[in-house]
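What follows is one structure encoded as structure tokens, with my remarks underneath.
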Amino acid sequence: MKRHWFHFSAPSTFYSLAGRMTPWFLALAVITGLISLYWGFFETPDRLGGSNPQKEYYRIIFVHVGSAWMSMWLYVVVAGWSALGLVFNTRLSYMMAVSVAPTGAIFTFLALFTGAFWGKPSWGTWWDWDPRLTSELVLFFLYVGYLALHSAIDDARRADRAAALLAIVGLVMVPVIFWSINCPDPNQCAALHQRSSMSDIDGNILFGMLGLTFAFWMYSFATSFMRVRSIILEREADTTWVAEQLQKEGVR
Amino acid sequence: MMEFLAQGGFAFYVWSCYGMAVLLLASEILALRKRRRTILARVGRLKRMRDAEEQA
């Protein structure tokens, strides 16, 4: 059976699809998360030498890098759904944008929080106005601003469009964070975040890092789908398909 | 086991991070479940109101 891809852009169709997929994404998140944490804590060296020596506290890397990557990626997703909504005027696109944003805000907070708790033992300070820390903090405010703007406008479709514009404008922060490493050569200046490459990282540490990032990504799918289902019901509460759907699910 | 929990004396930093991660992610799931129960209750009320109107 061939279906046009717009088929799933109808909230009534996507509602069921999202519901069927959520448990799988949650299960994947838990399984890959546990494997990665086991690997990160038991298959890695306790201390790292080299130019940037680290003691056991470097194990914060798994949750820190994972949440920092997700904070940027989910912002791209929010802006992407917002753009699709503005271009095609599809309601579901806006609903997806609003569904992803709270999870993105949580990961941004987590990146800042774990960064502080890694910075204290490693750099001797909880916070510094280093370019990367500062731009990540601005990203957090962007998420909060996006959600606040959306909830401040009563009319859902106006709120969708206004917040979508803000999300797209705010997209400039993502490359800023990505390239915000103020010191290309650590011998010439003191940089907090230094340039790193995948090939320099110990394979076991990289595995734990990528694994936990994948788990966070699967978790984000699950929470976005859970949230979008509630948003669909909230906005379409008085339609007949909602009544029929809930009867089918056996909800009274 | 104690050695694992101690993390070379950095237990406070390491476990604060993982604790905060678990706390936030679990709270989000719980909040989402609560939000779903709330909207289901509202849709149920709406349906009963409509049914009552039809009978009247």
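In order, the protein sequence lines correspond to chains A and B.
Following our numbering, the numbering of the first sequence begins with 201 at its first residue and continues without gaps.
Following our numbering, the numbering of the second sequence begins with 16 at its first residue and continues without gaps.
Backbone N, C-alpha and C fix where the C-beta goes; we use that ideal spot for every residue, glycine too.
| Item | Value |
| --- | --- |
| I'd like to confirm something about Gln394(A): is its beta-carbon nearer than 7 Å to some heavy atom of the ligand SAH, or not? | Ligands in the displayed structure: none, and consequently the ligand SAH is not present. |
| For the stretch 296-307 of chain A, list every residue whose C-beta sits within 8 Å of some C-beta in chain B, in sequence order. | Pro302, Thr303, Ile306 |
| In whole angstroms, what is the alpha-carbon distance linking Leu310(A) and Arg65(B)? | 45 Å |
| Starting from Lys255(A), follow the alpha helix (DSSP H) in both directions and report where the run begins and ends. | Lys255(A) -> no alpha helix (DSSP H), and no H or E assigned at all. |
| Run through chain B and tell me which residues come within less than 7 Å of Glu256(A), C-beta to C-beta. | Gln22, Gly23, Phe25, Val29 |
| Taking buried to mean at least 16 other C-beta atoms within 10 Å of its own C-beta, is Leu365(A) buried or exposed? | exposed |
| Can you find a CB in chain B that lies within less than 8 Å of the CB of Trp326(A)? | no |
| Give a yes or no on whether the C-beta atoms belonging to Val58(B) and Arg259(A) are separated by under 8 Å. | no |
| Please confirm if the stretch 309-328 of chain A is in contact with the stretch 281-297 of chain A, defined as three or more CB-CB distances below 8 Å between the two stretches. | no |
| Which bits of chain A does Glu43(B) rub up against, with CB to CB less than 8 Å? | Pro302, Thr303, Ile306, Thr423 |
| With a cut-off of 8 Å on the beta carbons, I'd call Gly240(A) and Gly408(A) a contact; round off their distance for me. | 3 Å |
| Along the chain, where does the alpha helix (DSSP H) that runs through Gly370(A) open and close? | 356-370 |
| Taking 8 Å as the CB-CB cut-off, is Lys448(A) touching chain B? | no |
| Examine chain B for any beta-carbon lying closer than 8 Å to the beta-carbon of Phe214(A), and answer yes or no. | no |
| Please state whether the Cβ-Cβ distance between Trp326(A) and Gly319(A) is less than 8 Å. | yes |
| Measuring alpha carbon to alpha carbon, tell me which residue in Thr303(A), Ser299(A), Asp438(A) is nearest Ala36(B). | Thr303(A) |
| Give me the Cα-Cα distance between Arg50(B) and Leu371(A), rounded to the nearest whole angstrom. | 29 Å |
| List in chain order: all unbroken beta strand (DSSP E) runs of 3+ residues lying wholly within the stretch 249-314 of chain A. | none |
| Quick one: using the 10 Å Cβ neighbour count with 16 as the cut-off for buried, is Glu256(A) buried or exposed? | buried |
| Indicate whether at least one CB of chain B lies closer than 8 Å to the CB of Val263(A). | yes |
| Given this structure, state the Cα-to-Cα distance separating Tyr343(A) from Ala301(A), to the nearest angstrom. | 6 Å |
| Please list, in chain order, all residues of the same chain as Tyr294(A) whose beta carbon is under 6 Å from its beta carbon, the five residues on each side excluded. | Gly285, Asp360 |
| Out of curiosity, what's the CA-to-CA distance linking Asp246(A) and Ala21(B)? | 12 Å |
| Residues in the stretch 318-345 of chain A with C-beta within 8 Å of chain B's C-beta atoms, listed in sequence order? | Trp318, Lys320, Pro321 |
| Is it right to say Val277(A) is buried, meaning 16 or more other beta carbons lie within 10 angstroms of its own, or is it exposed? | buried |
| Measure how close the beta-carbons of Met426(A) and Thr232(A) come, nearest whole angstrom, since I'm counting them as under 8 Å. | Rounded, the Cβ-Cβ distance is 19 Å, inconsistent with contact. |
| Rounded to the nearest angstrom, what separates Leu433(A) and Ala443(A) at their Cα positions? | 10 Å |
| If Leu237(A) and Leu412(A) are in contact, beta carbons under 8 Å, what's the gap, nearest whole angstrom? | 7 Å |
| Check whether chain A comes within 8 Å of Ala36(B), counting only Cβ atoms and requiring the distance to be less than that. | yes |
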